Amino acid sequence: MKFFRSLASHQKTDPRPSRRRPPAKPYSARSVLIVFILISFSAAGIAGLARAAVSEALPGTGVFRRISSLMSGLFPNSSRRRVSLSKEYVYSDSRLLAVEDVGARQTPPSDLAVFRPSTGEWLVIDTNSQHVTRLEWGAPGDIPIEGDFDGDGISDLAVFRGSSSTWWILESGAGSVRAIQFGVEGDLPVAGDYDGDGMTDLAVFRPTSGVWYAIGSKEGNFLTIPFGSISDRPAPADYDGDGKTDPAIWRSVSGTFEWIQSSNGTVGSERFSSGVGDPVPADFDGDGMADPAIRTGKVWTIRKSLSREIISVQWHQGDIPVQSDFDGDGRADIAIWRSEDGRWLIRNSSDTTTREAIWGEPGDIPVHFFYRR
């Protein structure tokens, strides 16, 4: 059975990118119109662009009110990241040798970062040096998106604006800005590397039909993936370790995790004893494959991908799960963020010690971010 089908077969309009002014709605249920706006700006002109360029965003939209339930879908790919190698060329005895940094293949730890919707600011802290980076990108009601859209190994500033289904992306490499309309009202953003090229692809999950829509970052190929139903929650991650994001859903009515393995197209599933909780998949054991997991109150229930062993870990109560590799050992750490005081409580997988930090304030949204590189 083919789960990936070209969306072009459903098109009634020319699917190629258009540089005309974006329409109010990018596509209907059976047609897609992608609008690319690629602009280069000076450093002075970039600050506040995402707020000033499009003014239709309204605070308190339905998309923003769902942010706490969406966060588990923003962190799944956090424990696996492609690392750019540091390499120099030197002459030795008339020969040109390539010298690599011996630690370059180690995955760097995740930063502590929050998005502040009230001001459109991203705030990133280096907890070792206490150096703070403040970046303006977004507007009230925007959903922050984790991703490396240009493939340079550094997170790009990106937001999804539900009021217009527009993705605003500031690429860290060239400093280019992209505004892309992709999705319709009610869609949930599920960005990930679905084609395995090392760059994040735009993708949405449509709860009303249970269909995933994605567009490849390089070739621009459309993908439609019928997988899920109206009550399912998306939980994309790389469950088979092939370097591609797999569509996945958490079905609370049956307590079942299901995912499509992009390596062979088969469907994997895992049933948990309880159907209550948030999906929190990540690579907790460091084998390169995301482990299906749910969080119910203080209890994290994790099914290891290789051994299929199910473990339960009690951790602190918190508003938002933020599982990621914060200690740099190649394994995702169990972690939560408390909105009332901006407290991060991280269980280091390297030695099971607790890391506690205050970063953020009520109203902020924690973001998985790789910025200090």
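Residue numbering for the sequence shown follows my numbering, starting at 6 and increasing by one per position.
The beta-carbon is built from N, C-alpha and C at its ideal position, and this holds for glycine as well.
Treat the numbers as computed from the prediction; the structure is a model and nothing was measured.
Who pairs with TYR218 in a beta bridge, going by DSSP?
According to DSSP, TYR218 bridges with VAL209, THR229.
Can at least three beta-carbon pairs, one atom from the stretch 190–204 and one from the stretch 216–226, be found at a separation below 8 Å?
Yes: the two stretches touch, three or more of their Cβ pairs being nearer than 8 Å.
LYS249 and ASP200 - do their beta-carbons sit closer together than 8 Å?
Cβ distance < 8 Å, so ASP200 and LYS249 count as in contact.
Start and end of the beta strand (DSSP E) containing HIS136?
HIS136 -> beta strand (DSSP E) spans 136–141.
Helix, strand or coil: how does DSSP classify GLU345 here?
Residue state, collapsed to three classes: coil.
For the beta strand (DSSP E) that contains LEU1, what are its first and last residues?
Outside the displayed span of the chain (6 to 378) sits residue 1, for which this structure offers no information.
Rounding to the nearest angstrom, what Cα-Cα distance links VAL372 and ASP161 in this structure?
Going from the Cα of VAL372 to the Cα of ASP161 covers about 12 Å.
Would you mind giving the Cβ-Cβ distance between ASP147 and VAL164, rounded to the nearest angstrom? I have them listed as a contact below 8 Å.
Yes, ASP147 and VAL164 are in contact; Cβ-Cβ is about 4 Å, under 8 Å.
In angstroms with no decimal places, state the Cα-to-Cα distance between ARG70 and PRO122.
Any reading at ARG70 is ruled out, since the residue's pLDDT is 30, under 50, leaving its predicted position unreliable.
How would you call GLU190, buried or exposed, if buried means at least 16 neighbouring beta carbons within 10 angstroms?
Exposed: under 16 other Cβ atoms inside 10 Å.
Just the Cα atoms here: how many angstroms apart are SER36 and GLY167?
Unreliable positioning characterises SER36 in this predicted model, as indicated by a pLDDT of 32, which lies under 50. A coordinate reading is not provided.
Taking buried to mean at least 16 other C-beta atoms within 10 Å of its own C-beta, is ILE363 buried or exposed?
ILE363 is exposed by the Cβ-count criterion.
Do ILE150 and ALA196 come within 8 Å of each other at the CB atom, strictly closer than that value?
It is a contact, given that the beta carbons lie within the stated cut-off.
Applying the criterion that 16 or more other CB atoms from any shown protein chain within 10 Å of the CB defines a buried residue, is PRO239 buried or exposed?
Per the 10 Å Cβ criterion, buried.
Whose C-beta lies closer than 7 Å to the C-beta of THR301 among residues of the same chain, with five residues either side of it excluded?
Taken in chain order, the residues that qualify are SER279, VAL281, GLY282.
Please state whether DSSP places ASP198 in a helix, a strand or coil.
Reduced to three states, the DSSP call for ASP198 is coil.
When DSSP labels each residue in this structure, what does ILE159 get in the three-state scheme?
Coil, per DSSP.
Among PHE375, ASN133, HIS321, which residue has its Cα nearest to the Cα of TRP349?
For TRP349, the nearest C-alpha among the options comes from HIS321.
What residues are listed by DSSP as bridge partners for THR301?
DSSP output for THR301 lists VAL304 as bridge partner(s).
Can you grab the Cα-Cα spacing for the pair ASP245 / PRO252, in whole Å?
Cα to Cα, the separation comes out at about 11 Å.
For the candidate residues ILE235, ASP346, LEU117, PHE289, whose alpha-carbon lies nearest to that of ASP334?
The candidate whose alpha carbon is nearest that of ASP334 is PHE289.
Contact defined as beta carbons within less than 8 Å: I believe VAL318 pairs with ILE341. What is the distance between those atoms, to the nearest angstrom?
Their Cβ separation, rounded to whole angstroms, is 12 Å, which puts VAL318 and ILE341 out of contact at 8 Å.
Check HIS321 in the structure and name its three-state DSSP category.
Coil.
Select from THR229, ILE370, ASP332 the residue whose C-alpha is nearest the C-alpha of THR358.
If we check each option's Cα against that of THR358, ASP332 comes out closest.
Between which two residues does the beta strand (DSSP E) holding ARG183 run?
Looking at the DSSP string, the run of the beta strand (DSSP E) that includes ARG183 is 181–186.
Tell me where the beta strand (DSSP E) around ILE254 begins and ends.
Here the beta strand (DSSP E) through ILE254 covers 253–256.
Below 8 Å on the Cβ atoms is my guess for TRP173 versus PHE187; work out the distance and round it to an integer in Å.
Going by Cβ atoms, the distance from TRP173 to PHE187 rounds to 11 Å, so no, they are not a contact pair.
Quick one: is SER234 buried, meaning 16 or more other Cβ sit within 10 Å of its Cβ, or exposed?
With fewer than 16 Cβ atoms within 10 Å of its Cβ, SER234 is classed as exposed.
Can you name, in chain order, every residue of its own chain whose Cβ lies under 7 Å from the Cβ of ARG139, other than the five neighbours on each side?
Excluding residues within five positions, the ones whose Cβ falls inside 7 Å are GLU126, LEU128.
Would DSSP call TRP127 helix, strand or coil?
Note: TRP127 maps to strand in three-state DSSP.
Of the choices TRP255, ASP247, GLY260, whose alpha-carbon is the least far from that of GLY270?
Residue ASP247 is the option with its Cα nearest to GLY270.
What number of angstroms, rounded off, separates the C-alpha of ILE315 from the C-alpha of VAL182?
Straight-line Cα distance between these residues: approximately 44 Å.
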